[in-house]
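Those letters in the sequence shown? Residues 1213 to 1555, per the numbering used here, in order. Glycine included, C-beta positions come from ideal geometry on N, C-alpha and C.
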Amino acid sequence: MSAPPVDFDIPRFAAWLAERTGEHADLEVTAIRGGGSCEMFRVDRLGESWVVRRAPRTAVSDTAHQVVREARIMESLAAQRVSVPHVLAWTEDVSVLGAPFFVMSFVDGGVIRRDGLPSQLRDDPGSQRLIGEQLIDTLVDLHAVDWTRTVLAEISRPAGFLDRQVDRWMTQLDSYRVRSLAGVDDIARWLQTNMPEHGELTVMHGDYKVDNLIWAPAAPPRVACVVDFEMTTVGDPLIDLAWAMIFWPEEGNAIALAAPGTPNGMAFESCQPPSELVNRYADATGRDLSRFGWYQAFSAWKLAIVLEGSYATFLRGESRNPLHEVFGPIADQLLLRAERFAR
């Protein structure tokens, strides 16, 4: 066995896993970076690799049990042929690892992060257009799933979904607001006043963007699976589309993923403009995108509020993460971007 990561009880976990699989075996555990609000560990056992996704051990009960909700959603989507990691088992028993967790298959591949592309996608700039196409086509497939045949029909609140969004995020901001954010209240009022009519409801990923996809380990670019279903619900599909576009590389986008314009990143000239990708989605789904500006404004405004939460921890002296200091100016830029979308 390898040396265990901090706060991971390998013997207890091994016994729990043996009960679930009927096979007792030694295993190795290593920590994995990423995972959003959850902790991630790779488990190698009997020639197979798995990933443990564990809720934060300091989380309050409702937050901690979101990880089990995520596992159930993934199981349900897999049954509808969505490309997600296979969920082997999950538990709410905190005596095993200190918090609820689930075990899923390890999917070989790369992730497009802020520091650039995985090595297999860097060599051919011409293939970078395929990344955008795959991003959209995978979202189209997810939105085509019949949500009434999934566990989301039991655990989501589709009625009034769009009506709740602005108040929800203003409440979130008020819980940690430590400075004046120019435009945030005016944009909130504009969003409320100009809210689109309720449209079609679909499976909504909730955090759909290029780094929540695992890309196959060899070129050309191909999505191996979708990950991170913490925020998944039944809602307005255009929120997913607008959220993905907020992070798409384009000139002047400070929050863009894939490190555009750097040696390891995507070249601006090789990326489609967001409008082209939005049109691809519209052509594939037939959805009316005449009010898409509202969704773009909402997404930029919401992301500003999300980043402000991390910046607030920096201002209060509660965070040593240097990235959190940068989030403040980026939040300001996003609010300016939201104002432009709202015009």
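Could you compute how far the alpha carbon of residue i sits from the alpha carbon of residue j?
| i | j | result |
| --- | --- | --- |
| R1492 | T1350 | 12 Å |
| M1416 | V1446 | 5 Å |
| S1214 | S1317 | Below a pLDDT of 50, predicted positions are generally treated as unreliable, and S1214, at 47, falls in that range; the measurement from the model is reported next regardless. Taking the straight line from one Cα to the other gives about 20 Å. |
| A1365 | D1335 | 43 Å |
| H1536 | G1521 | 9 Å |
| Y1523 | L1450 | 28 Å |
| I1343 | P1461 | 11 Å |
| L1425 | W1381 | 25 Å |
| A1494 | V1255 | 41 Å |
| E1463 | T1497 | 28 Å |
| L1501 | F1373 | 18 Å |
| V1439 | A1430 | 19 Å |
| E1488 | F1510 | 20 Å |
| R1369 | L1385 | 22 Å |
| A1468 | I1517 | 17 Å |
| D1419 | F1441 | 8 Å |
| E1345 | L1519 | 28 Å |
| D1379 | P1541 | 24 Å |
| L1229 | V1241 | 13 Å |
| V1263 | N1406 | 43 Å |
| A1400 | D1448 | 18 Å |
| P1534 | F1526 | 8 Å |
| S1482 | P1432 | 14 Å |
| W1359 | C1250 | 25 Å |
| L1347 | V1435 | 8 Å |
| G1234 | R1257 | 13 Å |
| L1304 | I1367 | Sequence check: residue 1304 is Glu here, not Leu. When rounded, the distance between both Cα atoms is 17 Å. |
| T1383 | A1227 | 43 Å |
| S1307 | M1286 | 24 Å |
| V1352 | P1223 | 43 Å |
| L1354 | S1261 | 26 Å |
| D1238 | R1532 | 37 Å |
Mark residue i as exposed unless 16 or more other C-beta atoms lie within 10 angstroms of its C-beta, in which case mark it buried.
| i | result |
| --- | --- |
| H1410 | exposed |
| L1413 | buried |
| G1259 | exposed |
| V1390 | exposed |
| F1539 | buried |
| P1337 | exposed |
| G1477 | buried |
| D1397 | exposed |
| T1474 | exposed |
| T1444 | buried |
| P1486 | buried |
| H1236 | exposed |
| S1392 | exposed |
| A1543 | buried |
| D1375 | exposed |
| Q1404 | exposed |
| S1288 | buried |
| E1530 | exposed |
| D1452 | buried |
For residue i, which beta-bridge partners are listed by DSSP?
| i | result |
| --- | --- |
| R1325 | G1328 |
| T1414 | G1447 |
| W1427 | G1322 and V1435 |
| R1391 | The partner list for R1391 (beta bridge, DSSP) is empty, contrary to what the question assumes. |
| A1243 | F1253 |
| T1303 | F1313 |
| R1265 | M1252 and F1314 |
| E1260 | R1257 |
Given residue i, which residues of its chain have a CB within under 8 Å of its CB, disregarding the five upstream and five downstream residues?
| i | result |
| --- | --- |
| A1512 | I1458, L1546, L1547, R1549, A1550 and F1553 |
| A1290 | V1296, H1298 and V1299 |
| G1395 | L1547, L1548, A1550 and E1551 |
| R1528 | V1390 |
Grab me the residues of residue i's own chain with a C-beta within less than 6 Å of its C-beta, minus the 5 sequence neighbours each way, in chain order.
| i | result |
| --- | --- |
| D1327 | A1471 |
| P1408 | R1503 and W1506 |
| Q1508 | A1454 and F1553 |
| K1514 | W1381 |
| R1232 | A1301 |
| P1330 | G1322 |
Ordered along the chain, which non-local residues of its own chain (more than five positions away) have a Cβ less than 7 Å from that of residue i?
| i | result |
| --- | --- |
| L1204 | Look at the range of the chain in this structure, 1213 to 1555, and you will see that residue 1204 is not part of it. |
| E1282 | F1441 and E1442 |
| Q1484 | R1341 and G1344 |
| R1361 | Q1292 |
| R1284 | V1363 |
Residue i and residue j: beta carbons closer than 8 Å?
| i | j | result |
| --- | --- | --- |
| F1313 | V1279 | yes |
| A1479 | Q1332 | no |
| W1402 | G1321 | no |
| V1323 | L1300 | no |
| D1423 | R1325 | yes |
| R1245 | A1311 | no |
| C1437 | V1319 | yes |
| A1466 | K1421 | no |
For a cutoff of 8 Å on Cβ pairs, would you count residue i as touching chain B?
| i | result |
| --- | --- |
| V1294 | Although the question refers to chain B, the structure presented lacks it and comprises just one protein chain. |
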